[in-house]
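Visitor:
Numbering (my numbering), first residue to last: 41 to 600.
(1) Specify the secondary structure class of residue 435 as computed by DSSP and reduced to three states.
(2) In its own chain, which residues sit with a C-beta less than 6 angstroms from the C-beta of residue 272, not counting the 5 before and 5 after it?
(3) With a threshold of 7 angstroms on Cβ separation, who are the neighbours of residue 381 within its own chain once the five nearest residues in sequence on each side are excluded?
(4) Using the C-alpha atoms, what's the distance from residue 432 back to residue 405?
(5) Tell me whether residue 460 is buried or exposed, calling it buried when 16 or more other Cβ atoms sit within 10 Å of its Cβ.
(6) Using the Cα positions of residue 164 and residue 186, report the straight-line distance between them to the nearest angstrom.
(7) How would you label residue 130, buried or exposed, when you count the other beta carbons within 10 angstroms and need 16 or more for buried?
(8) Within this structure, are the beta carbons of residue 208 and residue 146 separated by less than 7 angstroms?
(9) By the 10 Å Cβ neighbour count, where 16 or more other Cβ atoms means buried, how is residue 112 classified, buried or exposed?
(10) Go through its chain and collect everything with a Cβ distance to residue 226's Cβ below 6 angstroms, but skip five positions before and after it.
(11) On the premise that residue 200 lies in contact with residue 188, defined as a C-beta separation below 8 angstroms, what is that separation, rounded to the nearest angstrom?
(12) DSSP has residue 166 in a bridge; who is on the other side?
(13) So, do the stretch 343-354 and the stretch 284-293 have three or more beta carbon pairs nearer to each other than 8 angstroms?
(14) Let me check understanding here. Comparing Cα to Cα, which of 72, 238 and 476 lies closest to residue 385?
(15) Shortest alpha-carbon distance to residue 115 belongs to which of 281, 358 and 56?
(16) Going by CA-CA distance only, name the one from 303, 176, 463 and 117 that's closest to residue 157.
(17) From the DSSP output, read off the bridge partner residues of residue 80.
(18) Tell me, please, whether the CB atom of residue 201 is closer than 7 angstroms to any CB atom in chain E?
(19) Return the chain-ordered ranges of every alpha helix (DSSP H) run that is complete within the stretch 227-296 and spans a minimum of 4 residues.
(20) Hey, quick one: how far does the alpha helix (DSSP H) through residue 207 stretch, first residue to last?
(21) Rounded to the nearest angstrom, what separates residue 172 and residue 109 at their Cα positions?
(22) Apart from the five residues on each side of it in sequence, which residues of its chain come closer than 6 angstroms, Cβ to Cβ, to residue 284?
(23) On the CB-based measure, 16 or more other CB atoms within 10 Å of its CB, does residue 234 come out buried or exposed?
(24) Between the C-alpha atoms of residue 132 and residue 196, what's the straight-line distance to the nearest angstrom?
(25) One question on the structure: do residue 224 and residue 435 come within less than 7 angstroms of each other, judged by their Cβ atoms?
(26) With respect to the alpha helix (DSSP H) encompassing residue 386, which residues constitute its N-terminal and C-terminal limits?
(27) Go ahead and label residue 329 buried or exposed: buried means 16 or more other beta carbons lie within 10 angstroms of its beta carbon, across all protein chains shown.
(28) Taking only runs that begin and end inside the stretch 106-155, name each unbroken alpha helix (DSSP H) of 4 or more residues, in chain order.
(29) Checking 7 angstroms against the spacing of the C-beta atoms, do residue 472 and residue 256 come in under that value?
(30) Taking just the CA atoms, how far does residue 443 sit from residue 75?
(31) On the three-state DSSP scale, how would you describe residue 468?
(32) Which residues mark the beginning and the end of the alpha helix (DSSP H) in which residue 360 is found?
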């Protein structure tokens, strides 16, 4: 007789374990068919007559014109965003690798969707794929990766792929409506990419969130993971001018590069200033990793316009300030309304993106609006030249509101869909943990064990052990620990007794081996303790010795 309960459990197990690769194979087969039927290469153009300083558009898909900027933006997607998200100390495998996967998947899908929506040739029943198409696909990819940052650590790979599949369609249609019907100009994609991606991700995070935000000890960084995250920050900082200038041409491209350069530099300076002010004289690494980039987002919409270098500097300064304050005060406030924002995309992309949209509205309402409208599409009232100042400023506002509406509604519905049982959402205990989806190395210790609980407190990125085998001391009963006077030092955290036995021949070269002996070192509870964030060089390093421990070779523990 068939046991339906057993079949149900088996189906649930197979769905949880293998739905992700099966779904990817299915999508890949569909993409192959669609590319075979509808995609085609662009035509070769004679480049000799085109001068890059001209204010006329370049030949469509011109390789020499677009490819250098495409390369820069491509690096931003895979290295910039990828490493920026590695700040989670127990989720770095997933952060950089799932970023890699989602970006590659979105590039394939975005080329198709933009081809059908923007570039469809109804006569030939095809669309052209050229370097400009690849650049636009990267912009779509950026929007999805921003949303990925809002749900980082709280979704499984299958959910990420489905979210990307849905978001690409909504994002492309939102941009098409904004450009074609509203003529809402957005040169650096701050509205259509950053605002859309941020609020789509926040809305999806809200829908995915259970009844309340549950704090997780795994949602933390280490010294090493924060350094890797800074690598992403620096790549994004260096290449952001190419992002904002990617589709501009002529004098507009030059202005986009210069304005972005000045604006993002200003945001760096103000981020350090505000971070020190709110941190009582000390900088916070999360501010430096993220808010320093806000100037690149905030200037995007107007980056290729004559806003003046002082204008770009003002925009960047304001963006760096509000982004830093957002990270300081808004992250926790959002949790009170059940919105968990892992990477703080609201502060890096949402608020600066809205600021950029507002800058576009202000500039569109200026009397010299022709400087602003010269790059609007000709599909709308001859490039907007027949619009009054107020009317066009209203359309700029309408484009921003449209983006906010479509992103929030789309994100909410997508999050509800991703909560279906078939997607096997991870529970709270599995959040921010690579071991759920990866074969992890030996030094990745499960935190649900007593030993793992001790290690997670000892190694928050502050200590390491030399892996070189050490010579035992003359006294076999001595354990030597080189320690700086910090409240998180090894001996202080290992008070009590570990009764795990080991053989006398064991050469301890790592933390596990060290803790296999019995450690009865007592700590003077009256010794002054210091904040973990402070370091006082006036306290000399000490060598603590215990003469009462069982025979064990010497092990040295060093501060990073």
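All residues carry an ideal CB built from backbone N, CA and C; glycine is no exception.
Guide: Answer, in terms of the structure:
(1) Within the chain shown, the letter at position 395 stands for residue 435. DSSP places residue 435 in helix when its eight states are reduced to three.
(2) Taking the first residue of the chain shown as 1, we reach residue 272 at position 232. The beta carbon of residue 272 is closer than 6 angstroms to those of 120, 123 and 124 in its chain, skipping five residues each way along the sequence.
(3) Within the chain shown, numbered from 1, the residue matching residue 381 stands at position 341. Correct list, in chain order: 190, 242, 245, 371 and 374.
(4) Numbered from 1 along the chain shown, position 365 holds the residue referred to as residue 405. Numbered from 1 along the chain shown, position 392 holds the residue referred to as residue 432. The alpha-carbon atoms of residue 405 and residue 432 are separated by roughly 7 angstroms.
(5) Residue numbering aside, residue 460 sits at position 420 when the chain shown is read from its first letter. Residue 460 should be labelled exposed.
(6) Counted from its first residue, the chain shown places residue 164 at position 124. Counted from its first residue, the chain shown places residue 186 at position 146. Each residue's Cα considered, the two are about 35 angstroms apart.
(7) As a first step, residue 130 is located in the chain shown; it is residue number 90 there, counting from the start. Label assigned to residue 130: buried.
(8) Within the chain shown, residue 208 is the residue found at index 168, counting from 1. Within the chain shown, residue 146 is the residue found at index 106, counting from 1. Yes. Within cutoff.
(9) Taking the chain shown and counting its residues from 1, the one referred to as residue 112 is at position 72. The residue in question, residue 112, is buried, as its Cβ has 16 or more Cβ neighbours within 10 Å.
(10) To locate residue 226, count along the chain shown from 1; it is residue 186. These residues qualify, in order along the chain: 232 and 341.
(11) Numbered from 1 along the chain shown, position 148 holds the residue referred to as residue 188. Numbered from 1 along the chain shown, position 160 holds the residue referred to as residue 200. Confirmed, Cβ separation roughly 7 angstroms.
(12) What you label residue 166 is simply residue 126 of the chain shown in a count that begins at 1. The partner list for residue 166 (beta bridge, DSSP) reads 161.
(13) In short, these stretches touch, since the Cβ pair count reaches three.
(14) If you number the chain shown from 1, residue 385 lands on position 345. It is 238 whose Cα lies nearest to the Cα of residue 385.
(15) Numbered from its first residue, the chain shown carries residue 115 at position 75. Nearest C-alpha to residue 115: 281.
(16) Stepping through the chain shown from its first residue, residue 157 is reached at position 117. Looking at the Cα atoms, 176 is the closest of the given residues.
(17) Start at 1 with the first residue of the chain shown, and residue 80 comes out as number 40. Partner residues in the beta bridge of residue 80, as assigned by DSSP, are 168.
(18) The structure shown contains no chain E; it is built from a single protein chain.
(19) Runs of the alpha helix (DSSP H) inside the stretch 227-296: 236-248 and 263-285.
(20) Taking the chain shown and counting its residues from 1, the one referred to as residue 207 is at position 167. Judged by DSSP secondary structure, residue 207 falls within the alpha helix (DSSP H) whose first and last residues are 197-220.
(21) For the purposes of this step, residue 172 is taken as residue 132 along the chain shown, with counting starting at 1. For the purposes of this step, residue 109 is taken as residue 69 along the chain shown, with counting starting at 1. Distance between the alpha carbons of residue 172 and residue 109: 10 angstroms.
(22) Taking the first residue of the chain shown as 1, we reach residue 284 at position 244. Excluding positions up to five away in sequence, the list reads 228, 296, 300, 340 and 343.
(23) Stepping through the chain shown from its first residue, residue 234 is reached at position 194. Counting the other Cβ atoms within 10 Å of the Cβ of residue 234 gives 16 or more, which makes it buried.
(24) In the chain shown, the residue the question calls residue 132 occupies position 92. In the chain shown, the residue the question calls residue 196 occupies position 156. The alpha-carbon atoms of residue 132 and residue 196 are separated by roughly 14 angstroms.
(25) Here residue 224 is taken as the residue at index 184 of the chain shown, counted from 1. Here residue 435 is taken as the residue at index 395 of the chain shown, counted from 1. It is a contact, given that the beta carbons lie within the stated cut-off.
(26) Here residue 386 refers to the residue found at position 346 when the chain shown is read from its first residue. Residue 386 -> no alpha helix (DSSP H), and no H or E assigned at all.
(27) The count along the chain shown starts at 1 and reaches residue 329 at position 289. Burial call: buried.
(28) 121-124
(29) One-based indexing of the chain shown puts residue 472 at position 432. One-based indexing of the chain shown puts residue 256 at position 216. Yes.
(30) For this step, residue 75 is matched to residue 35 along the chain shown. For this step, residue 443 is matched to residue 403 along the chain shown. Their Cα atoms are separated by approximately 29 angstroms.
(31) Along the chain shown, one-based indexing puts residue 468 at 428. Here residue 468 carries a helix assignment [DSSP, helix/strand/coil].
(32) Here residue 360 refers to the residue found at position 320 when the chain shown is read from its first residue. Run containing residue 360: 349-365, per the alpha helix (DSSP H) assignment.
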